[in-house]
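For what it's worth, our numbering labels the leading residue of the sequence shown as -13, then goes sequentially.
Quick notes on the structure that follows.
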Amino acid sequence: MAKRKEENFFSPENAKRPRQEELDDFDKDGDEDECTVSFTNGTSTLTAAEVGIIESIQLKNFMCHSMLGPFKFGSNVNFVVGNNGSGKSAVLTALIVGLGGKAVATNRGSSLKGFVKDGQNSADISITLRNRGDDAYRANVYGNSIVVQQHISMDGSRSYKLKSETGTVVSTRKEELIAILDHFNIQVDNPVSVLTQEMSKQFLQSKNEGDKYKFFMKATQLEQMKEDYSYIMETKERTKEQINQGEERLTELKRQCLEKEERFQSIAGLSTMKTNLEYLKHEMAWAVVNEIEKQLNAIRDNIKIGEDRAARLDRKMEEQQVRLNEAEKKYKDIQDKLEKISQETDARAPECMALKTDVTAKKRVYNEAEVLYNRSLNEYRALMKDDEQLCKRIEELKKSTDQSLEPERLERQKKISWLKERVKALQDQESSINQEIEQFQQAIEKDKEERIRIKREELDVKHTLSYNQRQLKELKDSKTDRLKRFGPHVPALLEAIDDAYRRGHFTCKPVGPLGACIHLRDPELALAIESCLKGLLQAYCCHNHADERVLQALMERFYSRGTSRPQIIVSEFRNEMYDVRHRAAYHPEFPTVLTALEIDNAVVANSLIDMRSIETVLLIKNNSVARAVMQSQKPPKNCREAFTADGDQVFAGRYYSSENTRPKFLSKDVDSEISDLENEVENKKAQILNLQQHLSALEKDIKHNEEFLRRRQIHYRELKVKITESISEIRELENIEEHQSVDIATLDELNLADSEVDNQKRGKRHYEEKQKEHLDTLNKKKRELNMKEKELEEKMSQARQICPERIEVKKSASILDKEINRLRQKIQAEHASHGDREEIMRQYQEARETYLDLDNKVRTLKRFIKLLEEIMTHRYKTYQQFRRCLTLRCKLYFDNLLSQRAYCGKMNFDHKNETLSISVQPGEGNRAAFNDMRALSGGERSFSTVCFILSLWSIAESPFRCLDEFDVYMDMVNRRIAMDMILKMADSQRFRQFILLTPQSMSSLPSSKLIRILRMSDPERGQTTLPFRPVGQEEEEDRS
């Protein structure tokens, strides 16, 4: 309903003050003889309506009239008077039709073509509406007036021309006319605005209380509001049906989408596997480099040891060369001495011959002495002592001079045999000692290699100990801050994320690390869940790619280049978790990863479902039971894989063991983890201590063996000397000649020197061979080192091509190779089972967009229905209050209007049954009973009807009011009273226009400038009533 512009018109002091404006040019087009005297006691101010009133109307070939008008109406009260058939009702009908009303609304025709005069092809209606002041409609286009021209054809069609004040056509669209009528609040189909003659008669003669109620509802536009409410409720029901259909369709689309999503998630898992494969390749590239570097370090260590040994051999060679030089010098000196002795021997040869002659002479003397002995036996006895001395002398002479004596030769042969046996024994002993020396040298080399191996093992254990100590520190830190378990930089990174979010850098605050957002229902499954989720536990979720770029920039502040960063998952955040009931794995005894976790954040749950399909992964603690469930029989429905409490991964046809022994992120018993790590740290320390003790024992063994080796080498040299001496003695005995005068000591020295020279030469050759052999080995190691260095350069070049920044690798190349092969097999299996990745992604995106679009529409419609119900409930309450207010106002006005003739009356509204009963009692109301209007006389009934209409005018809004033959059935008294009431109301509402049609002369009206009387010419001779018949609304709509 439009805003009301009037107050109670019964008392002038309560009337709304009319607009103040100059009316010097008011009604300049009016008739010169029109009365201009005010009919109000001089208290009213001349004002005029500015918008929406009828300035003029002109008809051509309309109904029975070739030309009517133009009729120029005043701004307040207009009486159109004339005899029946003069065209009064035609003007009113043209007003309804010309402003867009239907033919049936006039009660004078079934269709528009019935309004075209017989014999003519068309009819024209021209209506001028006032358009002034602040409320003017498009004043810059139309000016102060809007001309509505309607052309009606014989076939019942019509067209519009909307012209400005200057006659310019502004629009030909009916929508523009509707906009103008809405702006001016003109309601041609409202009986309060335009009450036709036929409707007035029907209302006066109606005995149905329901018709009165309908008239009231239509006049106050409550009927239109009610119809709007009914239409809205019907629309709501249709919308609910659409929602039900949409939900049914949504269920099917959701099923299709989830099928596509399951395949897409498998592909997404494939992408994760490919990402992991690329990272493993990066690790593999640098792991190969690490192993080659270790081999290079080992070769360098061996070369260093070899070079040290070569230096020792060089020193020994130099020492041996010095000894050889000394032995050769000694040998030469002895040789020179022997040469000198030989020269002396040659020089003394004549002397020897003289001595031999002397010996011969002495033999003759001996013979003579012997003869003398025989002769002088007695003298011999006397000379016994002398004889003994002589015998001794003789024996000495025999030994020194008689070389051909047999006993001496035998003694010498016996000694030579003994010496040879001794040499053989010494040589056997030499061979045995030489073997011992070789064994000691091998033992020393083996111990040194073992020492190198233990040192490497000690270094590896120290690295492991350092890693465990770092992990232990992180665990101890996590007791006060659990986030540090996911990395030492995580708390600082999360603070940076919070700060960036407060600054508005993120659309939605990133979520992570995901491991910190989940909780275990069963702590025994911690390792299994970690083996399943792996790097996703440290991952973060972003709402869009813009947020991802901001998070990447933040991570660069905490993670240096070349180090591993947490994964970032980009997925639109949703407040509800996916419904995976129809595609989740189920087993009555074993949970899935999804059901084994408590996840409060839907974004975290949806990300894990998208990236790892956790609803399809079973958790089975026992390894043998897991094999039985997954491999001995058909796996449970929708189950793709399973994990055991030990972290082993079980497929339908494969089984992969876990490399981890304890959970790192999800263990709730931090104290137990710390205790276990402390025990492991102590074990590693004990292992390092054992290795150091073993290393110390090896050092002792090496020193002990080197001492034994030194002693054996000394013994070996002593044996060599003894062997040399024995051989020299044998040679001396074998080479004894007659020249016994040669100094035996000198010969012995010569033999010894010769033997020493031989020994030193053999020693030198031994060390030369050892040095050559060692140098060959050393050169081989150097060549191997060069090859390894070249290989290292190639591998490093290849590694940089694969991964430019070097990364720290803790696993060996063999383990990584196994993981890569295993991952490749899984990727091939996924490819074989799912098909083309691009097509799957396209189908999934289409299905997801279709589902989300329909889901959004259904949600929007549900929200709309909910909001509509709330609004409708509130508006219906407001409607009921408004209806009650209008009802009360209508009763009040009606009672006041009746009281002007001392009538009493009452109106009873039954909104439930939709009836309106009006009871009126003429005369003294206190003493008379109320009568129904049907019991009243025609004049009383007409007067009551006027009071009812005026009361409706007081509560309804319209720029003009039209009444056709309002005073029918009234006597003069009632007509006069009704006329005064209408004029009084018109005087209180000068901003409204009143058009009253009556066959009366209206000569008794007071003179006033606000009243204009339009007199119609008498009808042509022979003209009778028009052959119109009322028709239904449907027929009108079908034809117009």
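All residues carry an ideal CB built from backbone N, CA and C; glycine is no exception.
Residue i: CB within 7 Å of a non-hydrogen atom of the ligand NAD
i	result
V743	The ligand NAD is absent from the structure shown, which contains no ligands of any kind.
Residue i (DSSP reduced to helix, strand or coil)
i	result
N0	Low confidence applies to N0: its pLDDT is 37, below 50, so where it sits in the model is not reliable, and the reading given next is rough at best. If DSSP states are grouped into helix, strand and coil, N0 belongs with the helices.
T261	helix
L396	helix
Q787	helix
A638	coil
L115	strand
S143	coil
E926	helix
I430	helix
Y352	helix
S216	helix
R998	strand
V932	helix
D322	helix
F880	helix
H531	helix
L652	coil
K267	helix
L310	helix
L991	coil
K689	helix
T154	coil
Y862	helix
Among the options, nearest to residue i - alpha-carbon criterion
i	options	result
A89	G142, Y128 and I39	G142
H600	Q811, V615 and F629	Per the sequence shown, residue 600 should be read as Ile rather than His. Of Q811, V615 and F629, the residue nearest in Cα terms is F629.
L244	Y889, G498 and V566	V566
S944	L181, N93 and F65	L181
A482	M541, V447 and E443	M541
R298	E407, L761, G473 and T79	L761
R998	K58, Q228 and I43	K58
Q524	E791, K620, C503 and E247	C503
M219	P56, M971 and I857	I857
A799	V63, C50, I82 and N276	N276
I606	M597, C625, A532 and A591	C625
R648	N842, A631, R398 and Y837	A631
F694	R408, H268, E314 and Q427	Q427
Q787	K766, A532, W272 and L236	W272
P577	N882, I555, A612 and K995	A612
I40	V63, L412 and K326	V63
A888	F880, P908 and L902	P908
Start and end residues, alpha helix (DSSP H) containing residue i
i	result
Q617	Looking at the DSSP string, Q617 is not in any alpha helix (DSSP H), and its letter there is neither H nor E.
N894	Element bounds for N894: not the alpha helix (DSSP H) but the beta strand (DSSP E), C890 to D896.
S974	M958 to S974
L167	K160 to F170
L949	Taken as a continuous stretch (DSSP letters only), L949 belongs to no alpha helix (DSSP H), being part of the beta strand (DSSP E) at F946 to D950.
Range covered by the beta strand (DSSP E) that runs through residue i
i	result
A628	E627 to F629
G38	V37 to F48
F980	Q979 to T984
Subject >> Secondary structure, beta strand (DSSP E): runs of 3+ residues fully inside the segment 54 to 102 >> reply: 63 to 67
Subject >> Runs of alpha helix (DSSP H) wholly within the segment 552 to 599 (minimum 4 residues, chain order) >> reply: 588 to 598
Original post:
Enumerated in chain order, which unbroken segments of the beta strand (DSSP E) with a length of 3 residues or greater are wholly contained in the segment 443 to 511?
Top reply: 504 to 506
Subject >> Touch test, the segment 272 to 284 against the segment 765 to 784, Cβ-Cβ under 8 Å, three pairs minimum >> reply: yes
**OP:** Kindly confirm or deny that the segment 516 to 526 and the segment 488 to 495 touch, where touching means at least three C-beta pairs closer than 8 Å.
**Re:** no
Subject >> Inter-stretch contact (C-beta, 8 Å, three-pair minimum) for the segment 105 to 119 and the segment 133 to 150 >> reply: yes
Original post:
Are at least three pairs of beta-carbons, each pair with one atom in the segment 839 to 854 and one in the segment 226 to 233, less than 8 Å apart?
Top reply: yes
**OP:** Could you tell me whether the segment 616 to 633 touches the segment 416 to 424, where touching means 3 or more Cβ pairs closer than 8 Å?
**Re:** no
**OP:** Kindly confirm or deny that the segment 930 to 938 and the segment 165 to 173 touch, where touching means at least three C-beta pairs closer than 8 Å.
**Re:** no
Original post:
Counting Cβ pairs, one atom from each stretch, are 3 or more of them under 8 Å apart for the segment 207 to 218 and the segment 967 to 978?
Top reply: no
**OP:** Report yes or no: do the segment 303 to 312 and the segment 750 to 757 share at least 3 C-beta pairs separated by less than 8 Å?
**Re:** yes
Subject >> Contact between the segment 145 to 161 and the segment 68 to 76 (3+ Cβ pairs under 8 Å) >> reply: no
Subject >> the segment 443 to 458 contacting the segment 667 to 680, beta-carbon criterion three pairs below 8 Å >> reply: yes
**OP:** Spell out a yes or no on whether the segment 309 to 322 and the segment 832 to 850 are touching, meaning 3 or more CB-CB pairs, one atom from each, closer than 8 Å.
**Re:** no
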